[in-house]
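Engineer:
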RNA sequence: GGCCUUAUCGUCUAACGGUUAGGACGGAGCCCUCUCAAGGCUCAAAUACGGGUUCGAUUCCCGUUAAGGCUACCA
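In the numbering used here, the protein residues as written are 61 to 542.
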C-alpha cells in the first residue's frame with residue numbers, strides 16, 4: 061500500500077508530444093515503483109482548442125508505449141469524471157467560494173480593454189499585469205453588473221508584498237515575490253476554469269500526492285501554491301522536469317522535426333526503445349547501464365536522480381537504441397513484424413514460408429535497426445535484382461567474371477542440395493581449378509545474386525535463395541552486367 | 001524588458017570537496033573478414049568565464065555571460 065497518487069494531465073491538442081510521453085513515463089514509473097496510482101486526466105478546458113479525436117489519439121499513444129493507467133476517462137475510477145470539461149461545476153463552486161472569502165474577485169473587462177491596458181504597460185516598460193481596476197468597483201456595482209448579465213471572469217487576489225515559496229524535488233527551494241504574480245483569471249467568461257484553478261482543484265480532489273510535470277509550469281506554480289493556501293489544502297510535492305530540446309536548444313517543437321509519438325511509431329520505432337530513450341533524457345540510474353525494459357525502468361526509477369538541465373532529443377542515439385531493442389525481440393515476433401512490413405511493401409503479392417523468412421531474419425539480425433530493414437536492406441531475398449549497383453559492378457565485376465560465374469553455375473547445377481557448406485565447397489574447388497582467390501568469385505557472385513555489394517555472408521544468401529534460383533540469377537547477371 | 005530556471009566531450013550523461021574528469025551515441029583508426037554489419041581494441045573530444053570559501057574545487061557561495069521557460073479569459 062502507498063499513498064502515492066500521480067497524474068498525467070495532458071491537454072488534448074491532437075497528438076501526444078514526446079515531451080508529454082516522457083512526463084507520462086516519469087509519472088508512470090514513479091507510481092509503479094512506489095506502488096501508487098497513476099491517473100490520466102484530460103485537461104480540456106479550452107473549448108477554443110477543441111480537437112476532434114484528440115483524446116482517443118492520446119490514449120492510443122499511451123497504450124502503444126505501454127503506459128497503463130489505473131484511473132482515467134476511459135477506465136473510470138473512484139474520483140471520476142477524469143475529463144475536466146465534465147467537472148466545471150466543481151471549479152465554479154470553488155471559485156465562488158474564494159470570491160466570498162475575498163480571495164478572488166469578479167472582473168468585467170473586455171478583451172479590448174485588457175489589450176489596451178497591456179499595450180500601455182509595455183509602452184511604459186512595465187511588467188504586463190492586471191491593474192486591478194475591477195477592485196475599484198463597489199459591491200453594489202458588481203452586483204448590478206452581475207444581475208445585468210455582463211460577461212465576467214473571476215480573478216485570483218494575489219497578496220501584496222510577500223513571497224510564495226515551495227520546495228521542488230528536482231529544483232530545490234524556489235521563491236517568488238508576489239509583486240511578480242499576476243491576478244490570474246481562475247474562471248473564464250465562458251464558465252470554464254483556467255488550467256490553474258482546474259489543476260489545483262482536481263489535484264486536491266483526486267488526492268494527488270506528487271505533481272510531476274514539465275518545467276514550463278514552474279513559473280505558474282506560485283499561483284497554484286497560493287490557491288492551495290487559500291483553500292486551506294495540503295500542498296502536494298512538486299517535481300518540475302527539465303525540458304526536451306531541439307538541436308538548437310529551444311523547447312522541442314514541430315517545425316524542427318517530429319514531436320508526435322505517432323510519428324515515431326510510423327517510422328518504425330519500437331515502443332520499448334522510444335520509452336527507454338526518453339527515460340534517459342533527464343534521468344539516469346547512476347551506473348553505466350543504458351538499455352532498459354519498462355520493468356527494469358520501474359525498478360530503477362527515482363525522482364531524486366532526475367537532472368535539472370534540458371536535454372536535446374538526439375535521433376542518432378534513438379536509432380541505436382531501437383537496434384538494441386530490436387535484437388532482443390525473439391525471432392517468432394520479428395517474423396510477425398516482417399510479415400507486416402512485407403504486406404505493406406512492393407512484395408505484398410508474393411508469399412514466403414515462415415522457414416524462409418526466419419532464415420532472412422537470422423541472416424539480417426546484425427544489420428537491422430528497424431523491422432523494415434529486413435526488407436529494405438535486402439530486397440534480393442524477395443525478388444530478383446532489377447539492377448546491379450554500378451559502383452559495386454565497377455569495383456568487383458572483372459572481364460573474366462562472366463566466364464568464372466558460368467563455370468560456377470555449372471558446378472552448382474551438379475549439387476544435390478542447397479546447403480551452405482555445399483556452395484562453399486564448390487566455390488572453393490572452382491576457385492582452385494581456376495587458379496583464382498575465393499574472393500575473385502565471391503564478389504562477382506554476390507553482385508550477381510543480390511545486385512548489391514553489402515549484406516550477409518554470401519553462403520547464407522546462396523543457401524536461402526536455393527540452388528535453382530542462384531543458377532538462374534547467375535545466368536541473368538552474365539547477360540545483363542557489362 | 002521583468003521574473004524563474006539551467007550550465008561537464010558535438011549529443012545523452014557519471015563523478016553527492018581529493019579520480020589520469022568515467023560511460024554511451026556519433027566520429028576517426030586498427031583487428032576480425034567474401035562485402036556490409038555485428039563484435040573486440042585504440043584515439044580525438046568537456047568541467048562557459050571571473051572572483052571567493054577551502055589544504056584542496058566539476059562539486060559550495062557571489063558575479064558575469066549564455067541558453068531556456070514563463071510573462072493570455074492556452075495548456
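Even glycine gets a Cβ: it sits at the ideal position worked out from N, Cα and C.
Owing to the predicted nature of the structure, the values given are computational and were not obtained by experimental measurement.
If you check the beta carbons only, do residue 449 and residue 530 fall under 9 Å apart?
Structural biologist: Going by C-beta atoms, residue 449 is not nearer than 9 Å to residue 530.
Engineer: Closer than 6 Å by C-beta to residue 62: which residues in its own chain qualify, once you throw out the five before and the five after it? Chain order, please.
Structural biologist: Cβ neighbours of residue 62 beyond the five flanking positions: 94, 95 and 96.
Engineer: Measuring alpha carbon to alpha carbon, tell me which residue in 86, 528, 191 and 102 is nearest residue 476.
Structural biologist: Of 86, 528, 191 and 102, the residue nearest in Cα terms is 528.
Engineer: Report the option in 428, 86 and 144 whose CA atom is closest to the CA atom of residue 71.
Structural biologist: It is 144.
Engineer: Tell me whether residue 254 sits in a helix, a strand or coil according to DSSP, three-state version.
Structural biologist: The answer is coil: DSSP assigns residue 254 none of H, G, I, E or B.
Engineer: CB-CB under 7 Å to residue 139, same chain, minus the five flanking residues each way: which ones, in chain order?
Structural biologist: So the list reads 131, 265 and 266, once near-sequence residues are dropped.
Engineer: With a cut-off of 8 Å on the beta carbons, I'd call residue 256 and residue 284 a contact; round off their distance for me.
Structural biologist: Their Cβ separation, rounded to whole angstroms, is 6 Å, which keeps residue 256 and residue 284 in contact under 8 Å.
Engineer: Which of helix, strand or coil does DSSP assign to residue 131?
Structural biologist: Residue state, collapsed to three classes: strand.
Engineer: Taking the alpha carbon of residue 243 as the point to measure from, which residue in 216, 542, 306 and 224 has its own alpha carbon closest?
Structural biologist: Among 216, 542, 306 and 224, the Cα nearest to that of residue 243 belongs to 216.
Engineer: Between the C-alpha atoms of residue 523 and residue 65, what's the straight-line distance to the nearest angstrom?
Structural biologist: Residue 523 and residue 65: Cα-Cα distance of roughly 57 Å.
Engineer: Give the secondary structure of residue 192 by DSSP, where H, G and I count as helix, E and B as strand, and everything else as coil.
Structural biologist: Looking at residue 192 - three-state DSSP - the assignment turns out to be coil, as it is neither helix nor strand.
Engineer: So what's residue 99 in DSSP terms, helix, strand or just coil?
Structural biologist: Three-state result, residue 99: strand.
Engineer: Taking the Cβ atom as the reference point for each residue, do residue 258 and residue 151 lie within a distance shorter than 9 Å?
Structural biologist: Yes.
Engineer: Rounded to whole angstroms, what's the CA-CA distance from residue 352 to residue 425? Just pull it up for me.
Structural biologist: C-alpha separation (whole angstroms): 20 Å.
Engineer: Taking the beta strand (DSSP E) that residue 27 belongs to, which residues open and close that run?
Structural biologist: Any question about residue 27 goes unanswered here, given that the chain covers just 61 to 542.
Engineer: Can you tell me whether DSSP reads residue 73 as helix, strand or coil?
Structural biologist: Residue 73: coil per DSSP, three-state reduction.
Engineer: To which residues does DSSP link residue 297 through a beta bridge?
Structural biologist: Bridge partners of residue 297: 270.
Engineer: May I have the straight-line CA-CA distance separating residue 301 from residue 277, to the nearest angstrom?
Structural biologist: Their backbone Cα atoms lie some 9 Å apart in a straight line.
Engineer: Taking the beta strand (DSSP E) that residue 68 falls in, what are its first and last residues?
Structural biologist: Per DSSP, residue 68 belongs to the beta strand (DSSP E) from 65-68.
Engineer: Rank 493, 510 and 487 by C-alpha distance to the C-alpha of residue 499 and give the top, closest one.
Structural biologist: Out of 493, 510 and 487, 487 has the C-alpha closest to the C-alpha of residue 499.
Engineer: For residue 314 and residue 432, what's the separation of their Cα atoms in angstroms?
Structural biologist: In a straight line, the C-alpha of residue 314 is about 25 Å away from that of residue 432.
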